[in-house]
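In full-length UniProt numbering, the protein residues as written are 1 to 313. Reviewing the structure listed below.
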């Protein structure tokens with residue numbers, strides 16, 4: 001077995017372990033809150049769906065990809081291959097869609113009472129459940145073609161007509177068909193990235209304006225940064241991580257889809273990049289929500305505008 005195969009297998013194993021631990025811990029936290037009747041935020045519903053989608057993304061592709069990378073024979077039937085790849089694709093889509101929903105609802109939640117989003121503050125929580133359901137339905141329909149084009153490696157189809165993905169194979173098509181398929185798959189991701197950038201930029205602008213209004217509260221030469229600055233840095237970290245990994249993932253997705261015979265490196269690196277955000281996002285979200293909660297408490301103490309006293313993150 002080549003050293004590169006072992007390295008790829010170890011990376012997949014690390015992603016599965018760390019990502020499953022982080023997402024399971026976050027999901028367990030919310031389930032305990034529900035069971036004990038603890039304080040639940042409106043956006044917790046989106047986080048639950050996000051953690052489930054992350055787990056599906058990591059496990060449905062990470063486990064068989066690890067087995068294939070380590071040189072072990074993958075005993076997946078044609079139906080099992082179609083199902084695993086489809087569930088992985090739906091989980092990946094719901095993960096990016098949930099992150100987009102989370103940031104969009106968040107910018108509405110923290111917007112001041114005199115902003116254009118003030119009218120949506122009371123209405124937004126009512127659309128949480130329907131938005132998450134629509135997210136699953138949308139990506140379930142968008143990825144319905146994968147069970148058609150995917151097949152098990154040990155099926156009786158002609159191997160020269162298939163693209164090898166390690167544990168599954170896909171039917172080859174002409175360049176125009178593959179390009180159209182790649183554009184269709186990348187369009188929802190591009191829309192979500194755009195919305196994420198817009199909502200996060202709006203949050204940074206809101207925090208910056210609030211910081212300017214609260215200059216008299218913080219000391220001019222305070223040794224510690226203000227809560228607004230720390231929250232802004234966390235939001236920027238989340239956005240940069242989101243955009244970086246999913247942009248790279250989309251690029252690899254396009255190359256693998258359009259390429260007539262993608263090589264081993266392209267397929268595996270694309271799978272590793274695709275698993276990076278679901279692996280580290282629960283830890284970023286834990287940090288983000290912790291900072292946002294402290295920021296909200298600071299606003300409640302220092303601001304006299306009644307609308308901000310109803311801050312729900």
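Here a beta-carbon is modelled for each residue, glycine too, at the ideal position from N, C-alpha and C.
(request) Go ahead and label residue 263 buried or exposed: buried means 16 or more other beta carbons lie within 10 angstroms of its beta carbon, across all protein chains shown. (result) Mapped onto the chain shown, residue 263 falls at position 263. Burial call: exposed.
(request) May I have the straight-line CA-CA distance separating residue 59 from residue 88, to the nearest angstrom? (result) Taking the chain shown and counting its residues from 1, the one referred to as residue 59 is at position 59. Taking the chain shown and counting its residues from 1, the one referred to as residue 88 is at position 88. Taking the straight line from one Cα to the other gives about 8 Å.
(request) On the DSSP bridge assignment, give the partners of residue 168 in chain order. (result) Within the chain shown, the letter at position 168 stands for residue 168. Paired residue(s): 152.
(request) Specify the secondary structure class of residue 114 as computed by DSSP and reduced to three states. (result) Here residue 114 refers to the residue found at position 114 of the chain shown. Looking at residue 114 - three-state DSSP - the assignment turns out to be coil, as it is neither helix nor strand.
(message) Going by C-alpha to C-alpha distance, which of 245, 252, 256 and 257 sits closest to residue 95?
(response) For the purposes of this step, residue 95 is identified with residue 95 of the chain shown, where counting begins at 1. Looking at the Cα atoms, 245 is the closest of the given residues.
(message) Helix, strand or coil for residue 77? Go by DSSP, reduced to three states.
(response) As a first step, residue 77 is located in the chain shown; it is residue number 77 there, counting from the start. In the structure shown, residue 77 sits in coil (DSSP, three-state: anything other than H, G, I, E or B).
(request) Would you identify the three-state DSSP class for residue 2, choosing helix, strand or coil? (result) Along the chain shown, read from residue 1 onward, the residue named residue 2 stands at position 2. In this structure, DSSP gives residue 2 a state outside helix and strand, which the three-state scheme calls coil.
(message) Quick check on the burial criterion: 16 or more other C-beta atoms within 10 angstroms. Buried or exposed for residue 178?
(response) Here residue 178 corresponds to residue number 178 of the chain shown, with the count starting at 1. Flag for residue 178 reads buried.
(message) As a quick exercise: from 82, 98 and 19, pick the residue whose alpha carbon is nearest that of residue 275.
(response) Locating residue 275 in the chain shown gives position 275, where the first residue counts as 1. Per the C-alpha coordinates, the member of 82, 98 and 19 positioned closest to residue 275 is 19.
(request) Express the C-alpha separation of residue 284 and residue 203 in angstroms, rounding to a whole number. (result) For the purposes of this step, residue 203 is taken as residue 203 along the chain shown, with counting starting at 1. For the purposes of this step, residue 284 is taken as residue 284 along the chain shown, with counting starting at 1. Those two C-alpha atoms are separated by around 17 Å.
(message) Cutting at 8 Å between CB atoms, please list the residues of its own chain near residue 304, excluding the five before and the five after it.
(response) In the chain shown, residue 304 corresponds to position 304, counting from 1. The predicted position of residue 304 is uncertain, since its pLDDT is 43 and thus under 50; a value taken from the coordinates is nonetheless stated next. Same-chain partners within the cutoff: there are none.
(request) Tell me whether residue 61 is buried or exposed, calling it buried when 16 or more other Cβ atoms sit within 10 Å of its Cβ. (result) Against the chain shown, residue 61 aligns to sequence position 61. Buried, by the Cβ-count rule.
(message) Classify residue 36: buried if its beta carbon has 16 or more other beta carbons within 10 angstroms, exposed otherwise.
(response) Numbered from its first residue, the chain shown carries residue 36 at position 36. Around the beta-carbon of residue 36, fewer than 16 other beta-carbon atoms lie within 10 Å, marking it exposed.
(message) Measuring only the C-alpha atoms, how far is residue 42 from residue 125?
(response) Along the chain shown, one-based indexing puts residue 42 at 42. Along the chain shown, one-based indexing puts residue 125 at 125. If I take the Cα positions, the gap works out to 6 Å.
(request) Assign residue 99 to one of two classes, buried (16 or more other C-beta atoms within 10 Å of its C-beta) or exposed (fewer than that). (result) Against the chain shown, residue 99 aligns to sequence position 99. Under the 10 Å beta carbon count, residue 99 is surrounded by 16 or more other beta carbons and is classified as buried.
(message) So, with DSSP's three-state summary, where would you put residue 266?
(response) In the chain shown, residue 266 corresponds to position 266, counting from 1. Three-state result, residue 266: helix.
(message) Using C-beta distances below 8 Å, list every residue in its chain close to residue 66, excluding the 5 sequence neighbours before and after it, in chain order.
(response) What you label residue 66 is simply residue 66 of the chain shown in a count that begins at 1. If you ignore the 5 residues before and after residue 66, its C-beta comes within less than 8 Å of the C-beta of 9, 12, 13 and 16, all in its own chain and listed in chain order.
(message) Can you tell me whether residue 22 is helix, strand or coil according to DSSP?
(response) Taking the chain shown and counting its residues from 1, one reaches residue 22 at position 22. DSSP, reduced to helix, strand and coil, places residue 22 within a helical segment of the structure shown.
(message) Short of 7 Å in beta carbon distance, which residues of its chain neighbour residue 103, apart from the five on each side in sequence? Order them along the chain.
(response) Reading the chain shown from its first residue, position 103 is the one you call residue 103. Beyond the five residues adjoining it in sequence on each side, residue 103 comes within less than 7 Å, by CB distance, of 196, 199 and 200 in the same chain, given in chain order.
(message) Helix, strand or coil, according to DSSP, for residue 223 in the structure here?
(response) The residue given as residue 223 occupies position 223 in the chain shown. Because the pLDDT at residue 223 is just 49, under 50, the model does not fix this residue reliably, and the value given afterwards should be weighed accordingly. Residue 223 falls in the coil class under three-state DSSP.
(request) Indicate the three-state DSSP secondary structure (helix, strand or coil) for residue 177 in the structure shown. (result) Against the chain shown, residue 177 aligns to sequence position 177. Of the three classes helix, strand and coil, the one that applies to residue 177 here is helix, per DSSP.
(message) In this structure, how does DSSP classify residue 261 when only helix, strand and coil are distinguished?
(response) Your numbering for residue 261 matches position 261 in the chain shown. Three-state DSSP puts residue 261 in coil, outside helix and strand.
(request) Note down the Cα distance separating residue 223 from residue 208, rounded to an integer number of angstroms. (result) What you label residue 223 is simply residue 223 of the chain shown in a count that begins at 1. What you label residue 208 is simply residue 208 of the chain shown in a count that begins at 1. Confidence is the limiting factor: at residue 223 the pLDDT is only 49, short of 50, which leaves the residue's position unreliable and the question unanswerable from this model.
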